[in-house]
Amino acid sequence: MKRMLLFSLFLLLSINLLSQNSWNLVWKMEQMPFQVPQEASEMAIVKAGFDTDQDGWGEFLCAYTDMPALTGNYLLMYEANADNSYDTV
472 MKRMLLFSLF
482 LLLSINLLSQ
492 NSWNLVWKME
502 QMPFQVPQEA
512 SEMAIVKAGF
522 DTDQDGWGEF
532 LCAYTDMPAL
542 TGNYLLMYEA
552 NADNSYDTV
């Protein structure tokens, strides 16, 4: 019983100490384009990993909805540049 308790404690400690986070934040959209600052909106979905134009740089899509009057749904496509920045397509 003592051996099992020590093993469980060691396992719990090792999981907490050796856990890895594979999510690295590389880009953050501070303000939605074409939207009044401080206006609420709802981000619906983000799809990443596309290379539709076969140029070796990935693209990603984001969809969001304006919240005050549900005035519209927007779909934006961003493409990576060689300097690790993104432009709208």
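Everything in the sequence shown is counted per my numbering, starting at 472 for the first residue and increasing by one. Yeah, the Cβ is synthetic: ideal placement off N, Cα and C, and Gly gets one too.
*Have a look at the DSSP bridge pairing and note the partners of V517.*
Paired residue(s): C533.
*Under the three-state DSSP convention, the category N487 falls into*: In this structure, N487 counts as helix in the three-state DSSP scheme.
*Nearest to K518 by alpha carbon, out of D526, L480, L546 and Q525?*
L546
*Helix, strand or coil for M548 per DSSP?*
strand
*asked:* Going by DSSP, what residue range makes up the beta strand (DSSP E) through D558?
replied: Y557 to T559
*Kindly indicate if chain B contains any beta-carbon less than 9 Å away from that of L476.*
No chain B is part of this structure, which consists of one protein chain only.
*Measure the Cβ-Cβ separation of G527 and G520 and say whether it is below 9 Å.*
no
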